[in-house]
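S.K.: In the numbering used here, the protein residues as written are 9 to 145.
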Amino acid sequence: MIFTILAAVSTAVGAYGQVQAGKAAEDAAKEQARQEKIAAESAELARREELNAQLAAQTASMAASGIAAEGTPASIALEQAKTIGQSEGMISLSGKLARAQTIREGKAAKAGAYMGAASTLLKGGEKTKRAYDEEFG
9 MIFTILAAVS
19 TAVGAYGQVQ
29 AGKAAEDAAK
39 EQARQEKIAA
49 ESAELARREE
59 LNAQLAAQTA
69 SMAASGIAAE
79 GTPASIALEQ
89 AKTIGQSEGM
99 ISLSGKLARA
109 QTIREGKAAK
119 AGAYMGAAST
129 LLKGGEKTKR
139 AYDEEFG
(Lines of atoms letter the chains of each structure in order from A and count residues from 1; the text may use other names and numbers.)
(Lines give C-alpha, C1' and ligand atoms only; values in the text may rest on other atoms or scores of the structure.)
Protein backbone atom coordinates (compact mmCIF):
# COMPACT_ATOMS: atom_id res chain seq x y z
CA MET A 1 0.00 0.00 0.00
CA ILE A 2 2.77 2.42 0.92
CA PHE A 3 4.56 1.98 -2.43
CA THR A 4 1.37 2.68 -4.33
CA ILE A 5 0.77 5.87 -2.34
CA LEU A 6 4.40 6.97 -2.75
CA ALA A 7 4.25 6.41 -6.50
CA ALA A 8 1.04 8.44 -6.79
CA VAL A 9 2.33 11.28 -4.60
CA SER A 10 5.66 11.37 -6.43
CA THR A 11 3.84 11.65 -9.74
CA ALA A 12 1.58 14.44 -8.52
CA VAL A 13 4.47 16.42 -7.03
CA GLY A 14 6.54 16.04 -10.20
CA ALA A 15 3.70 17.19 -12.43
CA TYR A 16 2.90 20.13 -10.14
CA GLY A 17 6.56 21.18 -10.14
CA GLN A 18 6.70 21.12 -13.94
CA VAL A 19 3.55 23.22 -14.26
CA GLN A 20 4.88 25.77 -11.76
CA ALA A 21 8.24 25.92 -13.54
CA GLY A 22 6.45 26.61 -16.82
CA LYS A 23 4.41 29.41 -15.27
CA ALA A 24 7.56 30.89 -13.74
CA ALA A 25 9.34 30.79 -17.11
CA GLU A 26 6.45 32.60 -18.77
CA ASP A 27 6.34 35.22 -16.00
CA ALA A 28 10.10 35.74 -16.24
CA ALA A 29 9.85 36.23 -20.02
CA LYS A 30 7.07 38.80 -19.59
CA GLU A 31 9.13 40.67 -16.99
CA GLN A 32 12.19 40.59 -19.25
CA ALA A 33 10.12 42.03 -22.11
CA ARG A 34 8.84 44.76 -19.80
CA GLN A 35 12.38 45.64 -18.73
CA GLU A 36 13.54 45.66 -22.37
CA LYS A 37 10.71 48.05 -23.25
CA ILE A 38 11.71 50.44 -20.47
CA ALA A 39 15.36 50.30 -21.58
CA ALA A 40 14.38 50.92 -25.22
CA GLU A 41 12.23 53.91 -24.28
CA SER A 42 15.06 55.33 -22.20
CA ALA A 43 17.56 54.84 -25.03
CA GLU A 44 15.15 56.45 -27.51
CA LEU A 45 14.74 59.45 -25.25
CA ALA A 46 18.53 59.82 -24.94
CA ARG A 47 18.95 59.56 -28.74
CA ARG A 48 16.29 62.21 -29.31
CA GLU A 49 17.86 64.57 -26.78
CA GLU A 50 21.24 64.10 -28.48
CA LEU A 51 19.69 64.68 -31.90
CA ASN A 52 17.91 67.82 -30.71
CA ALA A 53 21.18 69.15 -29.27
CA GLN A 54 23.00 68.44 -32.55
CA LEU A 55 20.29 70.08 -34.65
CA ALA A 56 20.21 73.11 -32.36
CA ALA A 57 23.99 73.43 -32.55
CA GLN A 58 23.87 73.10 -36.33
CA THR A 59 21.17 75.76 -36.62
CA ALA A 60 23.06 78.10 -34.28
CA SER A 61 26.26 77.55 -36.24
CA MET A 62 24.54 78.34 -39.53
CA ALA A 63 22.97 81.46 -38.05
CA ALA A 64 26.29 82.62 -36.62
CA SER A 65 27.93 82.10 -40.01
CA GLY A 66 25.28 84.18 -41.71
CA ILE A 67 23.92 81.20 -43.68
CA ALA A 68 20.19 81.45 -44.23
CA ALA A 69 18.23 78.44 -43.03
CA GLU A 70 16.51 78.06 -46.37
CA GLY A 71 17.30 76.54 -49.71
CA THR A 72 20.06 73.91 -49.75
CA PRO A 73 20.91 74.04 -45.99
CA ALA A 74 17.24 73.63 -45.14
CA SER A 75 16.91 70.76 -47.61
CA ILE A 76 19.91 69.03 -46.08
CA ALA A 77 18.49 69.46 -42.57
CA LEU A 78 15.12 68.12 -43.73
CA GLU A 79 16.74 65.04 -45.31
CA GLN A 80 18.76 64.46 -42.15
CA ALA A 81 15.59 64.64 -40.06
CA LYS A 82 13.82 62.17 -42.38
CA THR A 83 16.75 59.75 -42.26
CA ILE A 84 16.92 59.99 -38.48
CA GLY A 85 13.17 59.43 -38.22
CA GLN A 86 13.43 56.30 -40.37
CA SER A 87 16.33 55.06 -38.28
CA GLU A 88 14.35 55.64 -35.08
CA GLY A 89 11.43 53.73 -36.58
CA MET A 90 13.63 50.73 -37.41
CA ILE A 91 15.19 50.74 -33.94
CA SER A 92 11.73 50.84 -32.38
CA LEU A 93 10.47 48.03 -34.62
CA SER A 94 13.50 45.88 -33.83
CA GLY A 95 12.89 46.35 -30.11
CA LYS A 96 9.22 45.46 -30.43
CA LEU A 97 10.04 42.32 -32.39
CA ALA A 98 12.65 41.27 -29.82
CA ARG A 99 10.17 41.76 -26.96
CA ALA A 100 7.50 39.78 -28.81
CA GLN A 101 10.01 36.97 -29.36
CA THR A 102 10.86 36.94 -25.65
CA ILE A 103 7.18 36.61 -24.76
CA ARG A 104 6.71 33.82 -27.32
CA GLU A 105 9.66 31.95 -25.81
CA GLY A 106 8.06 32.22 -22.37
CA LYS A 107 4.77 30.86 -23.69
CA ALA A 108 6.62 28.02 -25.41
CA ALA A 109 8.41 27.18 -22.16
CA LYS A 110 5.08 27.09 -20.36
CA ALA A 111 3.53 24.85 -23.03
CA GLY A 112 6.56 22.55 -22.86
CA ALA A 113 6.23 22.33 -19.11
CA TYR A 114 2.55 21.40 -19.43
CA MET A 115 3.46 18.67 -21.90
CA GLY A 116 6.15 17.44 -19.53
CA ALA A 117 3.65 17.40 -16.69
CA ALA A 118 1.22 15.38 -18.79
CA SER A 119 3.99 12.93 -19.61
CA THR A 120 4.89 12.68 -15.93
CA LEU A 121 1.28 11.92 -15.06
CA LEU A 122 1.07 9.20 -17.70
CA LYS A 123 4.34 7.58 -16.65
CA GLY A 124 3.44 7.99 -12.98
CA GLY A 125 0.08 6.38 -13.56
CA GLU A 126 1.80 3.38 -15.01
CA LYS A 127 4.24 3.19 -12.08
CA THR A 128 1.40 3.52 -9.61
CA LYS A 129 -0.51 0.72 -11.34
CA ARG A 130 2.59 -1.49 -11.32
CA ALA A 131 3.18 -0.78 -7.60
CA TYR A 132 -0.46 -1.54 -6.87
CA ASP A 133 -0.32 -4.80 -8.81
CA GLU A 134 2.87 -5.86 -6.99
CA GLU A 135 1.35 -5.14 -3.59
CA PHE A 136 -2.18 -6.39 -4.15
CA GLY A 137 -2.08 -8.33 -7.41
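Every residue gets a Cβ at the ideal spot worked out from N, C-alpha and C, and that includes glycine.
Quick check: what's the CA-CA separation for residue 60 versus residue 48?
M.R.: Within the sequence shown, numbered from 1, the residue matching residue 60 stands at position 52. Within the sequence shown, numbered from 1, the residue matching residue 48 stands at position 40. Distance between the alpha carbons of residue 60 and residue 48: 18 Å.
S.K.: Please say whether residue 41 and residue 112 have beta carbons closer to each other than 7 Å?
M.R.: Start at 1 with the first residue of the sequence shown, and residue 112 comes out as number 104. Start at 1 with the first residue of the sequence shown, and residue 41 comes out as number 33. No, the pair does not count as a contact, with Cβ atoms beyond the cut-off.
S.K.: Which residues in the same chain have their Cβ closer than 7 Å to the Cβ of residue 128, if we skip the five residues on either side of it in sequence?
M.R.: By one-based count along the sequence shown, residue 128 stands at place 120. Result list for residue 128: 19, 22, 23, 26, in chain order.
S.K.: Using the three-state DSSP reduction, which class does residue 74 fall into: helix, strand or coil?
M.R.: On the sequence shown, residue 74 is found 66 positions in, with the first residue counted as 1. Note: residue 74 maps to coil in three-state DSSP.
S.K.: Give the C-beta separation of residue 118 and residue 33 to the nearest angstrom, bearing in mind that I take them to be a contact with Cβ-Cβ under 8 Å.
M.R.: Within the sequence shown, the letter at position 110 stands for residue 118. Within the sequence shown, the letter at position 25 stands for residue 33. With a Cβ gap of about 6 Å, residue 118 and residue 33 count as contacting.
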